[in-house]
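> Below you'll find the structure I mean.
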Amino acid sequence: MDNINPWNNIPLADYERHMEHQDVGQAKLLNHLTGKYLTKYNPENILFLGISGGNGFEHIDTDTAKSVCAIDINETYLEETWKRFGEKIKQLTLVSTDIGSSDVSCIKADFVWAALIFEYVEIEKCFEFIKHNTATNAKLIVTIQSNNGVQSVSQTGVESIKSVASIFKTVDKKNLQKTALSFGFECNGLEENFLPNGKSLLTYELTKKLI
Ligand SMILES: C[S@@+](CC[C@H](N)C(=O)[O-])C[C@H]1O[C@@H](n2cnc3c(N)ncnc32)[C@H](O)[C@@H]1O
Numbered sequence: 759m760d761n762i763n764p765w766n767n768i769p770l771a772d773y774e775r776h777m778e779h780q781d782v783g784q785a786k787l788l789n790h791l792t793g794k795y796l797t798k799y800n801p802e803n804i805l806f807l808g809i810s811g812g813n814g815f816e817h818i819d820t821d822t823a824k825s826v827c828a829i830d831i832n833e834t835y836l837e838e839t840w841k842r843f844g845e846k847i848k849q850l851t852l853v854s855t856d857i858g859s860s861d862v863s864c865i866k867a868d869f870v871w872a873a874l875i876f877e878y879v880e881i882e883k884c885f886e887f888i889k890h891n892t893a894t895n896a897k898l899i900v901t902i903q904s905n906n907g908v909q910s911v912s913q914t915g916v917e918s919i920k921s922v923a924s925i926f927k928t929v930d931k932k933n934l935q936k937t938a939l940s941f942g943f944e945c946n947g948l949e950e951n952f953l954p955n956g957k958s959l960l961t962y963e964l965t966k967k968l969i
């Protein structure tokens, strides 16, 4: 495991307290979006990137899903996710790896959930990882943060979360779409949801085509 990545030093309770803070409001919105897109596509083989504590996993249809693979760099997040969902989701495999350097191939997913991960991992590296772990026609749902002029990490009183500011970068929308296309992912939809602090989340629906 990479001990240098600041995500390895943030307790899950801190991260979740930050995301649930009334000024941030991201935990609730991400949970809602996870449910919305899982319901829309009702996938069989699901890949989650950067899952922290498994926010939204309760929306997985365990009757339909054949395999669910969830990735995070922080092993303690995965341990907690396992405690929360290991019993309920029998198809669940948790993999601790760095998406930015990993050549792991753990699933041929037909649905990928990638919420707030492109901010912390190079776009090309993310797509390399996704390419190795998806089937043709896979749906890829990417959520990125749009700051709309507001500072990147909100003040919630959670000190530890500030360390990820050193690796946070705002995702360039044009670069995201250009890189997606170069890896064979076509955009079929986009929605924007505003947060209490003036930031918004942009959610792209992409489909993997043969190239
Ligand atoms: C902002 S959170 C993602 C939000 C999460 N999907 C949710 O709904 O709350 C970023 C997550 O990605 C993980 N992460 C960051 N960099 C990573 C990397 N290089 N490889 C794998 N996981 C990473 C972090 O540990 C963290 O759990």
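Take the sequence shown: its letters are residues 759 to 969, numbered as in our numbering. Each residue gets a CB set at the ideal place from its N, CA and C atoms; glycine is no exception. The structure presented is a predicted model; accordingly, all values stated were derived computationally and were not measured.
Under the three-state reduction of DSSP, which class applies to residue 952: helix, strand or coil?
strand
> Which parts of the stretch 821-875 are runs of the alpha helix (DSSP H), unbroken and 4 residues or longer, counting only runs that do not cross its ends?
833-843
> Tell me, please, whether the stretch 843-859 touches the stretch 874-887 by the rule of three or more beta-carbon pairs shorter than 8 Å.
Because the criterion of three Cβ pairs below 8 Å is met, the stretch 843-859 and the stretch 874-887 touch.
> Can you give me the C-alpha to C-alpha distance between residue 773 and residue 808, rounded to a whole angstrom?
13 Å
> Can you tell me the Cα-Cα spacing of residue 813 and residue 907, whole angstroms?
Between the alpha carbons of residue 813 and residue 907 lies a distance of about 27 Å.
> Measure the C-alpha to C-alpha separation of residue 867 and residue 791 and round it to an integer number of angstroms.
19 Å
> Taking the continuous beta strand (DSSP E) assigned at residue 904, which residues delimit it?
Residue 904 -> beta strand (DSSP E) spans 892-904.
> Rounding to the nearest angstrom, what Cα-Cα distance links residue 759 and residue 827 in this structure?
Low local confidence applies: a pLDDT of 47 at residue 759 is under 50, so the model's placement there is unreliable, with the coordinate-based value given in what follows. The straight-line gap from Cα to Cα measures roughly 18 Å.
> Measure the Cβ-Cβ separation of residue 839 and residue 881 and say whether it is below 8 Å.
no
> Under the three-state reduction of DSSP, which class applies to residue 960: helix, strand or coil?
strand
> Say whether chain C places a C-beta atom closer than 8 Å to the C-beta of residue 883.
The chain labelled as chain C is not found in the depicted structure, where only one protein chain is given.
> I believe residue 874 touches residue 903 by the beta-carbon criterion, under 8 Å. Please report the beta-carbon distance rounded to the nearest angstrom.
About 6 Å separates the two Cβ atoms, so the contact holds.
> Assuming residue 899 contacts residue 835 under a Cβ cut-off of 8 Å, what Cβ separation, rounded to an integer in Å, is found between them?
In fact, because the Cβ distance is near 20 Å, the residues do not count as touching under 8 Å.
> Report the partner residues of residue 965 according to the DSSP bridge assignment.
Per DSSP, 897 and 944.
> For residue 859, which of 841, 829, 849 and 844 has the nearest alpha-carbon?
829
> Does at least one heavy atom of ligand 1 sit under 7 Å from the Cβ of residue 840?
no
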